[in-house]
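Numbered according to my numbering, the sequence shown spans residues 2 to 412.
Ideal Cβ positions, reconstructed from N, Cα and C, are used throughout, including at glycine.
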Amino acid sequence: MKGASDMTIFDTLTERFSDSRFGMFYRQYQTLILCAILAVFLGSSWLGNVMLIESESKYYNPLYDGTFTALRYASYAAMALCILCALGLRQYRLWPFVIYAAVTGLVFFFSRSTEFMILMLAIGSMAVLPRKTLFRVVLIIQTAALTIIPLFAALGLFPNVIMDTQRTRYSLGFTWVTSAPVLFVFASMLFLHLERKRLSGWTFIFLLQLATALFILTDTKMAFFTTMLVLVIAVIWWQKPHWLNWLENRWVKLVILWLPVILTIVAVLLAVFYTDSGFMARLNGMLSGRLANAAEAWQKYGLSLFGQNIVWTGQGITYKPSMHYLYVDCSYLNILLNYGLVFLLLVLYWCRQVVLDLYRRHDMLYLAFFVVILLFSFLEVRLANPLYDPFIIAAGSYLGLADRRKEPVYE
2 MKGASDMTIF DTLTERFSDS RFGMFYRQYQ TLILCAILAV FLGSSWLGNV MLIESESKYY
62 NPLYDGTFTA LRYASYAAMA LCILCALGLR QYRLWPFVIY AAVTGLVFFF SRSTEFMILM
122 LAIGSMAVLP RKTLFRVVLI IQTAALTIIP LFAALGLFPN VIMDTQRTRY SLGFTWVTSA
182 PVLFVFASML FLHLERKRLS GWTFIFLLQL ATALFILTDT KMAFFTTMLV LVIAVIWWQK
242 PHWLNWLENR WVKLVILWLP VILTIVAVLL AVFYTDSGFM ARLNGMLSGR LANAAEAWQK
302 YGLSLFGQNI VWTGQGITYK PSMHYLYVDC SYLNILLNYG LVFLLLVLYW CRQVVLDLYR
362 RHDMLYLAFF VVILLFSFLE VRLANPLYDP FIIAAGSYLG LADRRKEPVY E
């Protein structure tokens, strides 16, 4: 009887909210509100990711930093309010939401990570937004960031710092030299996916020129080679789409479905059994010290169920060669160390759901792109970063957090 009473109270509260003036207003303009909040969140995050916000550098501007910090916090509060409104409108499915809320609370309690909480707010609030709409908003903001920030750096409005004493690597206004080229990788995939019906040879020439310019200015080889792979895949789909049909082979499908798990196991084994000699040492050198950093981090922090509070060292313009550098670039190992095994399993399940969804829709172009993201994330910590990967923002939709909306099929 108590459970029935509780359910009656919940029904009464949600009915009152649905029938209220605010509830009806929110339901009518929900898509527009969510798009605006997502744009503010991503836009303020990217504009807050320039040299002017580095408090320990000579470029620090407190007014600029304060303005975009306030905008980001306003977007966080707005996303939390949208989750409450969606609850009031009964747009979430019960058990997926219970799991979402429990994992969010537990991982945040143990990790104390504000980045994790921001990610979960974005996932929860945007779960009811149609994916195509979400992807278009993300593409607009990513394109704006890749245009405005380097342009302002070229005009001298943002500092364009050379961030390597041995190589000429320009930051292009961002706080880290790889930000622009890696963002270009994700934005290119999203653009080619959404604009697939309007592709032309000039499109590929333009993207190739931009990728080459970013490579020359930042000397980021991995991002450049990944962009080339993305363009080759897109050209194949544009001219000979049937060449991608091999992705539907049952053995290939099996490998792709288990690819995130395989990459996770490989990452953990490399961290556990790394030795600074022989082949491992040479491979570590080729990967810019990533294996040694991963091994040190694993020995220092190890496995946890719900994550732990880790303060990584050696990032940003304030980093000096004399400082100790410790950061794990592999997304799978980074997630495991920071947020624990439970959240990693949720991420792996999300990856599987994305792959299955793309197979159901026979979207071989975006499936190939997602495989690129999975492989690229083995070396770059971008898989669960909402500023780069649009799939993670739409994770709530893929995990069935909200009532399913019919998504368009791309041809």
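Residue of 127, 107, 13 and 63 minimising C-alpha distance to residue 402: Your numbering for residue 402 matches position 401 in the sequence shown. It is 127 whose Cα lies nearest to the Cα of residue 402.
At least 3 beta-carbon pairs within less than 8 Å: the stretch 288–307 vs the stretch 108–115: Yes, the stretch 288–307 is in contact with the stretch 108–115.
Identity of the residue in 77, 196 and 187 nearest residue 377 by Cα: Your numbering for residue 377 matches position 376 in the sequence shown. Minimum Cα distance to residue 377 is reached at 187.
Member of 215, 351, 12 and 388 whose CA lies at the smallest distance from the CA of residue 170: Working through the sequence shown from its first residue, we reach residue 170 at position 169. Sorting 215, 351, 12 and 388 by C-alpha distance to the C-alpha of residue 170 places 215 at the top.
Span separating the alpha-carbon of residue 336 from that of residue 269: If you number the sequence shown from 1, residue 336 lands on position 335. If you number the sequence shown from 1, residue 269 lands on position 268. Each residue's alpha carbon lies about 12 Å from the other.
Top-ranked residue by Cα proximity to residue 475, from 365, 163 and 174: This structure cannot speak to residue 475, because the chain is shown only from 2 to 412.
Exposure label - residue 287; buried when at least 16 CB within 10 Å: Reading the sequence shown from its first residue, position 286 is the one you call residue 287. Residue 287 counts as exposed, since fewer than 16 other beta carbons sit within 10 angstroms of its beta carbon.
N- and C-terminal bounds of the alpha helix (DSSP H) containing residue 189: Working through the sequence shown from its first residue, we reach residue 189 at position 188. That run of the alpha helix (DSSP H) goes 180–195.
Residue burial classification, residue 202 (beta-carbon count within 10 angstroms, cutoff 16): If you number the sequence shown from 1, residue 202 lands on position 201. Burial state of residue 202 is exposed, judged by a 10 Å Cβ sphere holding fewer than 16 other Cβ atoms.
DSSP three-state assignment for residue 314, whether helix, strand or coil: Residue numbering aside, residue 314 sits at position 313 when the sequence shown is read from its first letter. In the three-state scheme derived from DSSP, where H, G and I count as helix and E and B as strand, residue 314 is classed as strand.
Alpha-carbon spacing of residue 178 relative to residue 245, whole angstroms: Stepping through the sequence shown from its first residue, residue 178 is reached at position 177. Stepping through the sequence shown from its first residue, residue 245 is reached at position 244. If I take the Cα positions, the gap works out to 34 Å.
Contact check, residue 230 vs residue 373, beta carbons under 8 Å: The residue you call residue 230 lines up with position 229 of the sequence shown. The residue you call residue 373 lines up with position 372 of the sequence shown. Yes.
Closest residue to residue 232 among 26, 249, 96 and 210 (Cα-Cα distance): Looking up residue 232 in the sequence shown gives position 231. It is 210 whose Cα lies nearest to the Cα of residue 232.
Residue 412 in three-state terms, based on DSSP: Residue 412 sits at position 411 when you count from the first residue of the sequence shown. Low confidence applies here, because residue 412 scores a pLDDT of 47, under 50, leaving its location unreliable and the question unanswered by this model.
Nearest-angstrom Cα separation, counted from residue 99 out to residue 107: Here residue 107 is taken as the residue at index 106 of the sequence shown, counted from 1. Here residue 99 is taken as the residue at index 98 of the sequence shown, counted from 1. Cα to Cα, residue 107 sits roughly 12 Å from residue 99.
Endpoints, alpha helix (DSSP H) assigned at residue 309: As a working note, residue 309 is residue 308 in the sequence shown. Element bounds for residue 309: n/a, residue is neither H nor E.
Cβ contact check for the stretch 136–150 and the stretch 36–51: 3 or more pairs under 8 Å: Between the stretch 136–150 and the stretch 36–51 there are three or more C-beta pairs closer than 8 Å, enough to call the two in contact.
Residue 350 vs residue 359 beta-carbon contact at 8 Å: Position 349 of the sequence shown, counted from the first residue, corresponds to residue 350. Position 358 of the sequence shown, counted from the first residue, corresponds to residue 359. Pairing residue 350 with residue 359 gives a Cβ-Cβ distance that is not under 8 Å.
Three-state class that DSSP yields for residue 147 in the structure shown: Position 146 of the sequence shown, counted from the first residue, corresponds to residue 147. The answer is helix: DSSP assigns residue 147 an H, G or I state.
Euclidean distance between Cα positions of residue 193 and residue 225: Within the sequence shown, residue 193 is the residue found at index 192, counting from 1. Within the sequence shown, residue 225 is the residue found at index 224, counting from 1. Looking at the two C-alpha atoms, the distance is approximately 16 Å.
Simplified DSSP state of residue 403, which is helix, strand or coil: In the sequence shown, counting from the first residue as 1, residue 403 sits at position 402. Looking at residue 403 - three-state DSSP - the assignment turns out to be strand.
Boundaries (first-last residue) of the alpha helix (DSSP H) holding residue 286: Locating residue 286 in the sequence shown gives position 285, where the first residue counts as 1. 279–287 is the extent of the alpha helix (DSSP H) around residue 286.
Residue from 79, 220, 53 and 86 whose Cα sits closest to the Cα of residue 68: In the sequence shown, counting from the first residue as 1, residue 68 sits at position 67. A check of alpha carbon separations from residue 68 across 79, 220, 53 and 86 identifies 53 as the nearest.
Secondary structure of residue 329, DSSP reduced to three states: Indexing the sequence shown from 1 puts residue 329 at position 328. DSSP places residue 329 outside both helix and strand once states are collapsed to three, so it counts as coil.
Which of helix, strand or coil DSSP assigns to residue 11: Within the sequence shown, numbered from 1, the residue matching residue 11 stands at position 10. DSSP places residue 11 in helix when its eight states are reduced to three.
Helix, strand or coil at residue 51 according to DSSP, with G and I counted as helix: Taking the sequence shown and counting its residues from 1, one reaches residue 51 at position 50. Looking at residue 51 - three-state DSSP - the assignment turns out to be strand.
Neighbourhood of residue 156 by C-beta, 6 Å cutoff - its chain only, sequence neighbours within 5 removed: Position 155 of the sequence shown holds residue 156. Cβ neighbours of residue 156 beyond the five flanking positions: none.
Three-state secondary structure assigned by DSSP to residue 175: The sequence position of residue 175 within the sequence shown is 174, counting from 1. Strand.
Reduced DSSP category for residue 27 - H, G, I as helix; E, B as strand; rest coil: Reading the sequence shown from its first residue, position 26 is the one you call residue 27. Residue 27: helix per DSSP, three-state reduction.
Spatial distance of residue 272 from residue 391 (CA atoms): Numbered from its first residue, the sequence shown carries residue 272 at position 271. Numbered from its first residue, the sequence shown carries residue 391 at position 390. Between the C-alpha atoms of residue 272 and residue 391 there is a straight-line separation of about 28 Å.
DSSP three-state assignment for residue 414, whether helix, strand or coil: Outside the shown range of the chain (2 to 412) lies residue 414, about which nothing can therefore be said.
Where the alpha helix (DSSP H) through residue 275 begins and ends: For this step, residue 275 is matched to residue 274 along the sequence shown. First-last for residue 275: undefined, no H or E at that position.
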